[in-house]
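Counting in my numbering, the sequence shown runs from 14 upward without gaps.
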Amino acid sequence: MIMKRNLYWLVFNIKYLGKPPWDTGSSPPELIDFIQKHPPGRALDLGCGTGVNLLTLAQAGWQVAGVDFAWLAARRARKRLKEAGFNPNHVFTGDVTAIKRWGEPFNLVLDIGCYHSLPEHSRRRYHENLQKLLAQDGTFLLYAHVSERAGQIGISEEDIATFCEAMVLVNREEGVDRDRSSLWLTFKRDNSGQEKG
């Protein structure tokens, strides 16, 4: 398990020596639309990569924090924010399943392509951690490839159902990215006080 994790870490860092295919250099329209419709608050980008979305949020007045497994990516994100005149001190290299709460919870938690690459055993910890990080009225924006067969990296309907245990799915957009089925999911924190399911 440790060897597999180290290999995974190495592969992601090697990808960031160049330009990984998922690093488009621009924020997706779904995030831009969200920013235009919501007042600034606190935002956390899980799997922040080189900080493109952190910068977009910061430029719109959001207080931003980010974490990425690849130290090269997190380093680039800090540099991007600093060069644009924003505070880079809340971007860390780390495990998205083991983040300790950063002060107040976040109004927005963003995940563009991180969750879908997590191994099955890490996904439950991710869900538990997300509930600690997301504010009571918070929004969780998730982009993921769809798992279309056993063993393929992606999100499943079972994963979505697990998110719905503590949040309400308010929007689902299906698409295709690099010849793979993909989903944009928008969840709101469920404040009913009742366990869903």
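Cβ coordinates follow ideal geometry from the N, Cα and C atoms, glycine included.
Cutoff 8 Å; reference residue i; Cβ partners in own chain excluding five residues on either side
i	result
Lys-95	Pro-101
Ile-166	His-129, Ser-130, His-158, Ser-160
Arg-138	Thr-110, Ala-111
Ile-48	Thr-69, Leu-70, Ala-73, Trp-75
Among the options, the one whose alpha carbon lies nearest that of residue i
i	options	result
Leu-197	Phe-47, Phe-119, Asp-190, Glu-186	Note on identity: in this sequence residue 197 is Trp, with Leu being the wrong assignment. Looking at the Cα atoms, Glu-186 is the closest of the given residues.
Ala-174	Ile-125, Arg-136, Arg-191	Arg-136
Pro-52	Ala-87, Trp-84, Gly-151, Ala-179	Gly-151
Ala-97	Ala-87, Leu-68, Ile-125, Trp-84	Leu-68
Arg-191	Arg-89, Asp-36, Ala-56	Asp-36
Asp-124	Gly-164, Asp-81, Asp-203	Asp-81
Met-180	Leu-70, Val-65, Val-122	Val-122
Glu-134	Leu-182, Ala-90, Asp-172, Val-183	Per the sequence presented here, residue 134 reads as His, with Glu not at that position. Residue Asp-172 is the option with its Cα nearest to His-134.
Val-65	Trp-84, Leu-44, Gln-49	Leu-44
Glu-178	Ala-73, Leu-143, Gln-49	Leu-143
Pro-118	Ala-87, His-103, Lys-145, Gly-107	Lys-145
Asp-58	Leu-70, Lys-50, Leu-85, Pro-34	Leu-70
Trp-75	Asn-120, Lys-28, Val-183	Asn-120
Straight-line gap, residue i to residue j (C-alpha atoms, nearest Å)
i	j	result
Gly-54	Gly-116	13 Å
Thr-199	Thr-63	23 Å
Ser-39	Arg-93	13 Å
Gly-79	Ala-163	31 Å
Ala-148	Asp-203	10 Å
Gly-60	Gly-31	17 Å
Ser-169	Phe-105	28 Å
Pro-33	Gly-107	19 Å
His-103	Ala-73	17 Å
Arg-91	Pro-41	20 Å
Val-183	Asp-46	15 Å
Arg-88	Lys-28	14 Å
Lys-50	Phe-153	15 Å
Nearest-angstrom Cβ-Cβ length linking residue i and residue j, presumed shorter than 8 Å
i	j	result
Phe-176	His-140	7 Å
Val-77	Ala-111	Wrong, their Cβ atoms sit about 20 Å apart, outside the cutoff.
Residues of its chain near residue i, where Cβ-Cβ distance is below 6 Å and the 5 sequence neighbours each way are ignored
i	result
Arg-193	His-158
Gln-207	Below a pLDDT of 50, predicted positions are generally treated as unreliable, and Gln-207, at 46, falls in that range; the measurement from the model is reported next regardless. Answer for Gln-207: no residue qualifies.
Gly-188	Ser-195
Lys-113	none
Residues near residue i by beta carbon distance below 7 Å, same chain, minus five either side
i	result
Lys-201	Thr-152, Met-180, Val-181, Val-183
Q. Do the segment 157 to 172 and the segment 122 to 132 meet, that is, are 3 or more Cβ pairs less than 8 Å apart?
A. yes
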